[in-house]
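Here is the structure we will look at, set down as structure tokens.
Number of protein chains: 2
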Amino acid sequence: MKSELRTHLPLSGDTAFLLARANARSLAAAHDALGAHGLRVRSYSVLALAAAEARLSQRDIAEYLWLDPSQVVSLVDDLQQRGLVTREPDENDRRAKVVVATDEGRRLHRAAARAVREREQETLEPLDETDRDRLRELLMRLAFPL
Amino acid sequence: MKSELRTHLPLSGDTAFLLARANARSLAAAHDALGAHGLRVRSYSVLALAAAEARLSQRDIAEYLWLDPSQVVSLVDDLQQRGLVTREPDENDRRAKVVVATDEGRRLHRAAARAVREREQETLEPLDETDRDRLRELLMRLAFPL
DNA sequence: GCACATCCTTGAGGATGTCAACGATTGATC
DNA sequence: GATCAATCGTTGACATCCTCAAGGATGTGC
Numbered sequence: 129m130k131s132e133l134r135t136h137l138p139l140s141g142d143t144a145f146l147l148a149r150a151n152a153r154s155l156a157a158a159h160d161a162l163g164a165h166g167l168r169v170r171s172y173s174v175l176a177l178a179a180a181e182a183r184l185s186q187r188d189i190a191e192y193l194w195l196d197p198s199q200v201v202s203l204v205d206d207l208q209q210r211g212l213v214t215r216e217p218d219e220n221d222r223r224a225k226v227v228v229a230t231d232e233g234r235r236l237h238r239a240a241a242r243a244v245r246e247r248e249q250e251t252l253e254p255l256d257e258t259d260r261d262r263l264r265e266l267l268m269r270l271a272f273p274l
Numbered sequence: 129m130k131s132e133l134r135t136h137l138p139l140s141g142d143t144a145f146l147l148a149r150a151n152a153r154s155l156a157a158a159h160d161a162l163g164a165h166g167l168r169v170r171s172y173s174v175l176a177l178a179a180a181e182a183r184l185s186q187r188d189i190a191e192y193l194w195l196d197p198s199q200v201v202s203l204v205d206d207l208q209q210r211g212l213v214t215r216e217p218d219e220n221d222r223r224a225k226v227v228v229a230t231d232e233g234r235r236l237h238r239a240a241a242r243a244v245r246e247r248e249q250e251t252l253e254p255l256d257e258t259d260r261d262r263l264r265e266l267l268m269r270l271a272f273p274l
């Protein structure tokens, strides 16, 4: 990068811009780590939610991952065809379908999560442990306000 | 959001996920604020860099915004057709083209930047001024490591 | 001069985002 | 308990965006 840029970074006052750029770096690292496991960031995220305890519906997943419900359909379609998740009927609402990871899905998720976390260390390398905790806490309040 | 989710958020240990979700909220707000000015987040970012002092080439812009150079081509094409930026030859490198905002481009940028910042306040509402500074500082180190 | 890298550009193909509809089901209101 | 609006999953259409590979023009190292 040009040296005069280093001393006077345009847009660096915009939290939105810094967020976007930090996210881009993080995304690239995750994408890289997931390739070997046959997952993309999106499908990994859905798989992770399916492997969670919460028994989320597709609608829940869409809201949680900030996606359109129709995108979740094709993501779950793909994971289901690969035997990684199943659609189970919601006992309380027969319109909804709960997405649950299969045993194989859980295994893949564990392996992929390990790879993502290892790679994440590189992205977070500029921050020490205290700063990382602080960042997580601040981002949590932004990501889940109220 | 389901109450049991609030108490045990999946993926909330992943800084990458929190970053992505916070960024999604921020992007949505910016997109919303920019619509009235006929800009998208991407074109606004390019315009902002063109309005900066640094006289960046398209390659610089691509790197700075984490975009493929070919995306910058069409973004600049669009802004140029609308009379907001011009492509000037780089005196030191005749391959490169410096993207510079026109007077009209600068005016639009100022108005759009104001709208973005106002809207950003809503996104940042969960954080007080000290936290915002702290967040910006942490993100800066992630976004521009070294 | 020659080989190789870099910058902009074009184009193609796939992924993603957005939106409007639809059947099935639910919840609220009368 | 009948009706009407809202919600959930799904499909399809369309625009945007990402990624990659090529090519002409220019720069850099030898």
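For the record, the sequence lines run as chains A and B. Under the working numbering, the first sequence has 142 at position 14, and the numbering climbs by one with no breaks. Under the working numbering, the second sequence has 258 at position 130, and the numbering climbs by one with no breaks. In this text, a Cβ means the ideal position worked out from N, Cα and C, and glycines have one as well. Only a predicted model underlies this, so the values are computations on that prediction, with no experimental measurement involved.
7 Å or more divides the Cβ of A:A148 from the Cβ of B:N220. Listed in chain order, the non-local C-beta contacts of A:R247 below 6 Å within the same chain comprise A157 and A161, local neighbours out to five positions each way being set aside. The C-beta distance from A:S173 to A:V226 rounds to 17 Å, too long to meet the 8 Å contact threshold. Taking each of A:V228, A:E181 and A:R223 in turn and checking the Cα distance to B:L133, the smallest one comes out for A:E181. Per DSSP, A:A239 is one residue of the alpha helix (DSSP H) stretching across D231 to T251. Assignment of B:R183 by DSSP, reduced to helix, strand and coil, places it in the coil class. The shortest CA-to-CA distance from B:L255 to any of A:T251, A:M129 and A:E265 is the one to A:E265. DSSP places A:R215 in the strand class (E or B) of the three-state scheme. Each residue's CA atom was taken as its position, placing A:A271 and B:R153 some 7 Å apart. When 8 Å is used as the limit between beta carbons, B:R262 is near these residues of chain A: R262 and L266, in chain order. The alpha-carbon of B:G141 is positioned some 14 Å away from that of A:D259. Annotation for A:R149: the continuous alpha helix (DSSP H) segment containing it runs T143 to G163. By the Cβ neighbour-count rule, B:A190 is buried, with 16 or more other Cβ atoms within 10 Å of its own.
Between the beta-carbon of B:A243 and that of B:A164 there is about 7 Å, and that keeps the pair under the 8 Å contact cut. Here the alpha carbons of B:E250 and B:V201 stand approximately 33 Å from one another.
Contact annotation: B:V213 and B:A229 have beta-carbon atoms nearer than 7 Å. In its chain, beyond the 5 residues on either side, V169 have a beta carbon closer than 8 Å to the beta carbon of A:L155. The beta carbon of B:E248 sits closer than 7 Å to some beta carbon of chain A. With respect to B:A179, B:R234 sits close: the two C-beta atoms are nearer than 7 Å.
Using a Cβ-Cβ cut-off of 8 Å, B:D218 is close to nothing in chain A; its nearest Cβ partner there is about 12 Å away.
DSSP links B:V201 through a beta bridge to no other residue. Sequence-distant partners of A:D218 (beyond 5 residues in either direction) whose C-beta falls short of 7 Å from its own C-beta, in its chain, are S185, A224, K225 and V226. Shortest Cα-Cα distance from B:A176 to any of A:L139, A:G166, A:L193 and A:L177 involves A:L139.
The beta carbons of A:L267 and B:L195 sit no closer together than 7 Å. Non-local C-beta neighbours of B:H237 in its own chain, meaning closer than 7 Å and more than five positions away in sequence, comprise L175, A176, A179 and A229, ordered along the chain.
Around the beta carbon of A:D188, a 10 Å sphere encloses 16 or more other beta carbons of the protein chains shown; the residue is thus reported as buried.
Residue burial is scored here from C-beta neighbours: B:L274 has fewer than 16 other C-beta atoms within 10 angstroms and is therefore classed as exposed.
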